[in-house]
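Asks:
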Amino acid sequence: MRSRPSRFPGPGAEDVLVAPDGRILVCDAHRGLLALDPATGELETLLTEVDGDRLLFTNNAAVMPDGTIWFSDSSRVWPIEEWKNDLIEHTCTGRLLRRTPDGMVTTVVDRLCFANGVALTAEMDAVLVAETGTRTIRRVALGADGSPRATTTWAEDLAFDATRWHLATGVREHDGRVWLGSLVEPAIAWSDALVDHP
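Numbering (the working numbering), first residue to last: -15 to 182.
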């Protein structure tokens, strides 16, 4: 898709980070995965759908030195304005996606219960994705060439016992440490009780 001049992304921008080529990558919950050239102001739409499914809720990303982008699409059912509905219904339609520098896109982990924060380890040997609906962090091991290997559970039941706040909403790697972010409100406690009762 050709790039076009545009203003900086609006309120749908969920995550912004700098790519190795100097462009600013934007996860726009409404418009998909974007790349902004700060020198020219041109905004390129990198991706709006994967495997025939529209990117309904592009959320968070991490980029490797070679330009490979790992990013999350939180839900294929509910948009950002109605994110709580996804947690209540427990749709588990989120996914972790990988876009290589040649533009090839693959779904690496599917059926995530609200895929959220994404981070690469300092060693670049794994990518982590927060699964907010289950208060879990998933880990995808990476081969020497950066290709995905086995997916395992890295951390689970990430909630404060007293308030049951969602802790696994965001994840970032910094100085070899993984930082988790939390929502500013308690999790909807009864949403857990509804999981087995459609």
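All C-beta atoms in this analysis are idealised placements derived from N, C-alpha and C, irrespective of residue type, glycine included.
#1: With burial defined as no fewer than 16 other Cβ atoms inside 10 Å of the residue's Cβ, what is the status of Ala45: buried or exposed?
#2: With DSSP as the reference, label Glu140 as helix, strand or coil.
#3: Tell me Thr120's beta-bridge partners as DSSP assigns them.
#4: Using a Cβ-Cβ cutoff of less than 8 angstroms, which residues in the same chain neighbour Pro49 once the five nearest sequence positions on both sides are dropped?
#5: Could you have a look at Ala99 and say whether DSSP puts it in helix, strand or coil?
#6: Would you mind giving the Cβ-Cβ distance between Arg60 and Leu40, rounded to the nearest angstrom? I have them listed as a contact below 8 angstroms.
#7: Within 10 Å of its beta-carbon, does Ala152 have 16 or more other beta-carbons around it, so buried, or fewer, so exposed?
#8: Counting only the same chain and skipping the five closest in sequence on each side, list residues whose C-beta sits under 6 angstroms from that of Arg123.
#9: Ignoring anything shorter than 3 residues, give me the beta strand (DSSP E) runs that lie fully in the segment -5 to 66, in order along the chain.
#10: Considering Gly130, what are the terminal residues of the beta strand (DSSP E) in which it resides?
#11: Is there contact here, the segment 75 to 83 with the segment 19 to 27, by at least three beta-carbon pairs under 8 angstroms?
#12: Taking the Cβ atom as the reference point for each residue, do Asp12 and Thr42 lie within a distance shorter than 8 angstroms?
#13: If you run the structure through DSSP and keep just helix, strand and coil, what is Asp70?
#14: Just the Cα atoms here: how many angstroms apart are Leu183 and Val102?
#15: Quick one: Cα of Leu126 to Cα of Ala106, how far?
#16: For Val47 and Asp129, I'd like the C-alpha separation in whole angstroms.
Replies: In short:
#1: buried
#2: coil
#3: Glu115
#4: Pro4 and Met108
#5: strand
#6: 6 angstroms
#7: In this prediction, Ala152 scores a pLDDT of 41, lower than 50, which makes its location untrustworthy; the coordinate-derived value is nonetheless stated afterwards. When all chains shown are included, Ala152 counts as buried.
#8: Ala110, Leu112, Thr136 and Trp138
#9: -3 to 2, 8 to 12, 16 to 20, 26 to 31, 42 to 47 and 53 to 57
#10: That residue, Gly130, is in no beta strand (DSSP E); it is neither H nor E in DSSP.
#11: no
#12: yes
#13: helix
#14: The question about residue 183 has no answer, for the chain in this structure spans -15 to 182.
#15: 12 angstroms
#16: 14 angstroms
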